[in-house]
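A.B. asks:
Number of protein chains: 2
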Amino acid sequence: MKNNRFDNKLSQTGVVFQPLYTQVENHVKQLIVEQRWKPGEMLPNEFQLAEELGVSQGTVRKALNGLTSAKILSRRQGVGTFVSEHTNQDSLYRYYPIICDGKAPELPKAELLSLELIKVPKNVLAAFGTEGNMKVFEVLRRRILNNEFCIFEKIYLPHTYFKALEGTQELPHTLYHFYQTQFNLTVQATTDRIKADIATAEDARLLGVKKGDALLEVQRIAHSLDGKAIEFRISRCRSDNYHYLVEST
Amino acid sequence: MKNNRFDNKLSQTGVVFQPLYTQVENHVKQLIVEQRWKPGEMLPNEFQLAEELGVSQGTVRKALNGLTSAKILSRRQGVGTFVSEHTNQDSLYRYYPIICDGKAPELPKAELLSLELIKVPKNVLAAFGTEGNMKVFEVLRRRILNNEFCIFEKIYLPHTYFKALEGTQELPHTLYHFYQTQFNLTVQATTDRIKADIATAEDARLLGVKKGDALLEVQRIAHSLDGKAIEFRISRCRSDNYHYLVEST
DNA sequence: GAGTGGTCTAGACCACCAT
DNA sequence: TGGTGGTCTAGACCACTCG
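Residue numbers (this note's numbering), protein chains in the order written: chain G, 431 to 679; chain Z, 431 to 679.
(1) For alanine 500(Z), which residues in the same chain have their Cβ closer than 7 Å to its Cβ, ignoring the five residues on either side in sequence?
(2) Leaving aside the five residues before and after proline 538(Z) along the sequence, list all residues of the same chain whose C-beta is less than 6 Å from its C-beta, in chain order.
(3) What does the Cβ neighbour count give for threonine 443(G), buried or exposed, with the cut at 16 atoms within 10 Å?
(4) Run down chain Z in chain order and give the residues with a C-beta less than 9 Å from the C-beta of glutamate 677(G).
(5) Can you find a CB in chain G that lies within less than 8 Å of the CB of lysine 625(Z)?
(6) Tell me the start and end of each unbroken beta strand (DSSP E) in the segment 571-633 of chain Z that is at least 3 residues and wholly inside, in chain order.
(7) Rounded C-beta distance between glycine 470(Z) and valine 513(Z)? I'm assuming under 8 Å.
(8) If I follow the unbroken beta strand (DSSP E) through glutamate 647(G), where does it start and stop?
(9) List the residues that DSSP assigns as beta-bridge partners of threonine 505(Z).
(10) Alpha carbons only, please: which of Arg666(Z), Ser678(Z), Thr604(Z) is nearest the one belonging to lysine 625(Z)?
(11) Residues in its own chain within less than 6 Å of asparagine 518(G) by CB, not counting five upstream and five downstream?
(12) Quick check: aspartate 644(Z) and isoleucine 628(G), are their CB atoms within less than 8 Å of each other?
(13) Can you tell me which residues form a DSSP beta bridge with lysine 549(G)?
(14) Kindly say whether histidine 607(G), judged by its beta-carbon, lies nearer than 8 Å to any beta-carbon of chain Z.
(15) In angstroms with no decimal places, state the Cα-to-Cα distance between serine 486(G) and proline 474(Z).
(16) Are the CB atoms of isoleucine 528(G) and tyrosine 672(G) nearer to each other than 8 Å?
(17) Among the residues of its own chain, which have a CB less than 7 Å from the CB of asparagine 433(Z), if the five just before and after it don't count?
(18) Could you compute how far the alpha carbon of histidine 603(G) sits from the alpha carbon of threonine 511(Z)?
(19) Check the Cβ of tyrosine 526(G) against every Cβ in chain Z and list those closer than 7 Å, keeping chain order.
(20) Quick check on arginine 663(G): does DSSP put it in helix, strand or coil?
(21) With DSSP collapsed to three states, give me the class of glutamate 482(G).
(22) The alpha helix (DSSP H) spanning leucine 522(Z) covers which residue range?
(23) What whole-angstrom Cβ distance do lysine 565(G) and leucine 547(G) have, given they're in contact under 8 Å?
(24) Does the beta carbon of alanine 634(G) come closer than 8 Å to any beta carbon on chain Z?
(25) Report, in whole angstroms, the separation of the C-beta atoms of aspartate 636(Z) and tyrosine 674(Z), which I expect to be a contact under 8 Å.
(26) Verify whether the separation of the beta carbon atoms of glutamate 464(Z) and leucine 497(Z) is less than 8 Å.
(27) Restricting to Cα atoms, I'd like to know which of Leu570(G), His653(G), Ile502(G), Leu479(G) is closest to glutamate 583(G).
(28) Residues of chain Z with a CB under 8 Å from the CB of leucine 645(G): which are they?
(29) Just checking: is the beta-carbon of histidine 673(Z) within a distance shorter than 8 Å of some beta-carbon in chain G?
(30) Determine the contact status of phenylalanine 579(G) and phenylalanine 613(G), defining contact as a CB-CB distance below 8 Å.
(31) Is there a Cβ of chain Z sitting closer than 8 Å to that of serine 486(G), yes or no?
(32) Output needed for leucine 542(Z): all residues of its chain with C-beta closer than 6 Å, excluding positions within five of it in sequence on either side, in chain order.
(33) Which chain G residues are close to serine 669(Z), counting only those with a beta carbon under 9 Å from its beta carbon?
(34) Short check: CB of isoleucine 581(G) to CB of arginine 663(G), under 8 Å?
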């Protein structure tokens, strides 16, 4: 008995060959997107999933381990397999690369400056890679580390995915967990483009630096579990006592 | 028959438990460090390795796949398992994050400005995390993309690991491949600390920018296969048409 | 066709956690 | 003590590459 359950669907679409465990990975990922299990919830064990999907336990194991490497699931021996949440220590720091020089990583607090629904600016539209006249929420925030303002960020969220934001007056400090719990949008990949720039008068006013100082500008596009670009963000970061950390292995 | 070959060694050192495949991974990695197989060379197949190490083929497979994820090996179906080289397309770009805005990634050329053996500067010593009076080679280079100078870099290499550099007048453009083939030092991990800074008179002269322009400064520590810090490098990068790209998944 | 890695399965046993 | 994931093994078969 080979590729018994998933092959039919896929062969209809003209896909030449996908290993069973890849099909199981995609299937489980899709079930998570559809919220069969919410973040933090436990999946059935390997044998139950294997039976449900008509494959062997070893194949399920390989698929679940793949999703674990991708940080979509987390597994604990003796306990079970869980949908990852953007709350535990690991996840929280996964997308926070700005660090105070010589200190341990720390999560910044955020001060909300404004939140409004606007017609998408041209540079933001380009980031989302779409055309036309979408509406986006523009969120302006200042981030605080060490009791000083270190980052000024402009965040753009497509109205389509974030309708319920309308009228909101306050936001939590950690937005990615907020997206996940309130909008069923789990940030799964980011692309950061980092440049250096000179502080403008606005930067100087908001961050307490001098006009003409050097700042880091980080442009980030964040993608959700199902691959949609759900957030574009421009961060202007003080660089006097802070740096952006990249560890490659 | 369980953990038959490696457990003895390890239990003597007081290590409580390591899976067989982890032991095999470390063993194979060590053999690569010792140059039993050089970069680009093919390993014996799974069954031969399994027999040599006294474990099953499945365990060898899991170990080799682990080293493949770590990019220490590369496997090609129908061909064999090879020690990774810093020459193929993937490897070359693995540690080159500076990209011209709106263009496809491209490898820069390098112009050697100077190479001398010096007493280690204080800031460099700190990067290597050692104490005392080590000697290091200081290499100054300008990197070229799009027919313009875009990066000025200072590279520091401990004399201990790079003795044969003495008297050298020329260096290849791609240093990591050079380290690998000439010194048996494979770069396996890097830590980049990115800051913004203002161009000095020296920067302006070397990069053709104006004094006071914003530059990216990247401080990198590179580690070899066996974990030694083998290179410290400070890159000052034009940011007008270039950016540092980080993709996180 | 011969040889390699890749997939899939099945089963025994171990390590860890909760109760 | 029962249930979970983790390890290890063995074997059949598939997909790919190359001479």
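Even glycine gets a Cβ: it sits at the ideal position worked out from N, Cα and C.
C.D. replies: To lay it out plainly:
(1) none
(2) Arg573, Ile574, Leu575
(3) With a pLDDT of 39 at threonine 443(G), under the threshold of 50, the predicted position of this residue should be treated as unreliable, though the coordinate-derived value follows. The residue in question, threonine 443(G), is exposed, as its Cβ has fewer than 16 Cβ neighbours within 10 Å.
(4) Ala619, Thr620, Thr621, Asp622
(5) yes
(6) 578-588, 617-628
(7) 6 Å
(8) 644-654
(9) Before going further, note that residue 505(Z) is arginine rather than threonine in the sequence given. Partner(s): Thr511(Z).
(10) Arg666(Z)
(11) none
(12) Sequence inspection shows alanine at residue 644(Z); the aspartate mentioned does not correspond to that position. Yes, these two residues count as a Cβ contact at 8 Å.
(13) Lys565(G)
(14) no
(15) 30 Å
(16) yes
(17) Because asparagine 433(Z) sits at a pLDDT of 40, beneath the cut-off of 50, its placement in the model cannot be relied upon, and the following sentence gives the value as read from the coordinates. Closer than 7 Å at the Cβ level, and outside the excluded window around asparagine 433(Z), lie Leu450.
(18) 47 Å
(19) Here the premise fails: no neighbours, minimum Cβ distance about 11 Å.
(20) strand
(21) helix
(22) 519-524
(23) 6 Å
(24) no
(25) The question names aspartate, yet the displayed sequence has leucine at residue 636(Z). Rounded, the Cβ-Cβ distance is 19 Å, inconsistent with contact.
(26) no
(27) Leu570(G)
(28) Ala626, Ala644
(29) yes
(30) no
(31) no
(32) Arg571, Leu601
(33) Ile624, Lys625, Ala626, Asp627, Glu647
(34) no
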